[in-house]
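A.B. asks: For reference, each letter of the sequence shown is one residue, going 1 to 282 in the UniProt record's numbering. Backbone N, C-alpha and C define an ideal beta-carbon position, used for all residues, glycine too. Remember, predicted model here, so these are calculated numbers, not experimental data. What follows is a single structure, and I will ask about it in a moment.
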Amino acid sequence: RRAATAAEADEAAARDAARAAAERARRAAEGHDRLGREHAQALDACIPAERQEAARREEREAARAAEAAAEALSDAEGARAAAAAALTRARSAESEAGAARARAAAEAQGLAALLRAGDGGSAAPILDLVTVPPGLEAALGAALGEALDCPADPAAPRHWRNLPPLAALPALPEGTTALGGLVQAPPELARALSQIGLVEDEARGPLLQAALAPGQALVARSGGFWRWDGLGAHPGAPSAGAERLRQRNRLRAREAARDAADAALAKARAEAEAARAADAAA
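If you want it as structure tokens, here you go:
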């Protein structure tokens with residue numbers, strides 16, 4: 001029992017000590033706060049109000065300047081990234097345009113060499129002066145055949161001469177169209193082309209052949225050929241002249257593609273140069 005009484009006494013003493021410590025801590029905190037307020041008041045008393053306001057303004061302006069600088073940096077980084085992306089795209093476009101130009105030039109050179117290899121003599125064949133719409137190569141090749149290999153040069157052993165138009169020409173059968181109005185050819189071929197008619201329906205060729213006047217002929221887009229004197233060729237019959245005309249049309253198309261590729265390459269190079277300058281300035 002005496003031990004219990006002693007324990008209770010110790011517990012009471014501990015509680016009293018804790019309360020005393022808490023009170024001391026409270027008073028110390030209050031003293032600290034009071035001293036802080038007194039220190040701030042002393043500073044306010046020492047620094048004039050206008051200087052305090054000026055300092056606050058400077059602080060606000062510095063904050064705004066820092067924010068503006070951060071935004072400017074962000075914008076600059078965005079512009080730099082955009083310029084780099086534009087430069088990458090421009091370089092890719094320049095590379096693709098260069099490759100396309102090289103392909104078109106190589107194809108044009110190959111076709112030109114093929115046509116030169118087919119020249120029979122020093123003078124260019126007259127078919128090289130003829131422009132035929134795609135799809136009519138077989139018709140014209142069937143109509144004139146090897147005569148297309150002859151040049152428009154009177155000095156050549158076999159050649160075409162430029163003769164004046166005939167005063168009167170027999171009409172071609174109804175429903176046919178003279179090749180002279182469908183192809184672009186030198187005047188040396190004017191007489192021949194005026195008397196060669198195109199039939200859109202090749203089945204009509206044999207039916208109209210007997211009605212042809214001397215010197216006339218009919219052709220179909222497929223290469224079918226029917227001449228006034230009975231000579232004819234079935235549609236699809238091989239024709240060296242028709243193949244050469246097709247090659248020349250392909251050459252013209254490749255030359256046009258090469259010229260377009262030249263323009264595209266020049267544009268791509270200019271855009272790449274502008275992109276490089278923009279990237280360097282960013």
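With distances taken Cα to Cα, identify the nearest neighbour of ALA203 among ILE196, SER222, SER194 and GLY215.
C.D. replies: SER222
A.B. asks: Using a 10 Å radius around the Cβ and a threshold of 16 neighbouring Cβ atoms, would you call ARG244 buried or exposed?
C.D. replies: With 16 or more other CB atoms across the displayed protein chains lying within 10 angstroms of its CB, ARG244 is buried.
A.B. asks: By the DSSP assignment, the alpha helix (DSSP H) with ALA139 in it spans what residues?
C.D. replies: 137-144
A.B. asks: With a threshold of 7 Å on Cβ separation, who are the neighbours of ARG276 within its own chain once the five nearest residues in sequence on each side are excluded?
C.D. replies: LEU87
A.B. asks: Need the endpoints of the beta strand (DSSP E) that ARG227 sits in, please.
C.D. replies: 225-227
A.B. asks: With DSSP collapsed to three states, give me the class of GLY31.
C.D. replies: helix
A.B. asks: So is ARG56 buried or exposed if we call it buried at 16+ other beta carbons inside 10 Å?
C.D. replies: Counting Cβ neighbours within 10 Å, ARG56 comes out exposed, since fewer than 16 surround it.
A.B. asks: Going by CA-CA distance only, name the one from ARG19, PRO134, SER95 and ALA217 that's closest to LEU193.
C.D. replies: ALA217
A.B. asks: From the DSSP output, read off the bridge partner residues of VAL183.
C.D. replies: Bridge partners of VAL183 according to DSSP: none are assigned.
A.B. asks: Under three-state DSSP, which class holds GLY232?
C.D. replies: strand
A.B. asks: With distances taken from CA atoms, which of LEU207, ILE196, LEU163 and LEU148 is nearest LEU182?
C.D. replies: ILE196
A.B. asks: Using the three-state DSSP reduction, which class does ALA178 fall into: helix, strand or coil?
C.D. replies: In the three-state reduction of the DSSP assignment, ALA178 falls in the strand class.
A.B. asks: Is the stretch 87-107 touching the stretch 174-190, taking contact as three or more C-beta pairs under 8 Å?
C.D. replies: no
A.B. asks: Cα separation between ALA240 and ASP153?
C.D. replies: 21 Å
A.B. asks: If we count the other Cβ atoms within 10 Å of its Cβ and call it buried at 16 or more, is ARG19 buried or exposed?
C.D. replies: exposed
A.B. asks: Using 8 Å for Cβ pairs, my map puts ALA147 next to ALA123. What's the rounded Cβ distance?
C.D. replies: 14 Å between Cβ atoms; not a contact.
A.B. asks: Where does ALA203 fall in DSSP's three states?
C.D. replies: coil
A.B. asks: To the nearest angstrom, how far is it from the Cα of GLU96 to the Cα of ALA264?
C.D. replies: 10 Å
A.B. asks: I need the boundaries of the beta strand (DSSP E) containing GLY197, first residue and last residue.
C.D. replies: 196-198
A.B. asks: Kindly indicate the opening and closing residues of the alpha helix (DSSP H) around ALA272.
C.D. replies: 240-281
A.B. asks: Rounded C-beta distance between ASN249 and PRO134? I'm assuming under 8 Å.
C.D. replies: Rounded to the nearest angstrom, the Cβ distance from ASN249 to PRO134 is 6 Å, consistent with a contact under 8 Å.
A.B. asks: With DSSP as the reference, label ARG2 as helix, strand or coil.
C.D. replies: Residue placement at ARG2 is flagged as unreliable, the pLDDT there being 49, under the threshold of 50; the coordinate-derived value follows with that caveat. For ARG2, the three-state secondary structure derived from DSSP is helix.
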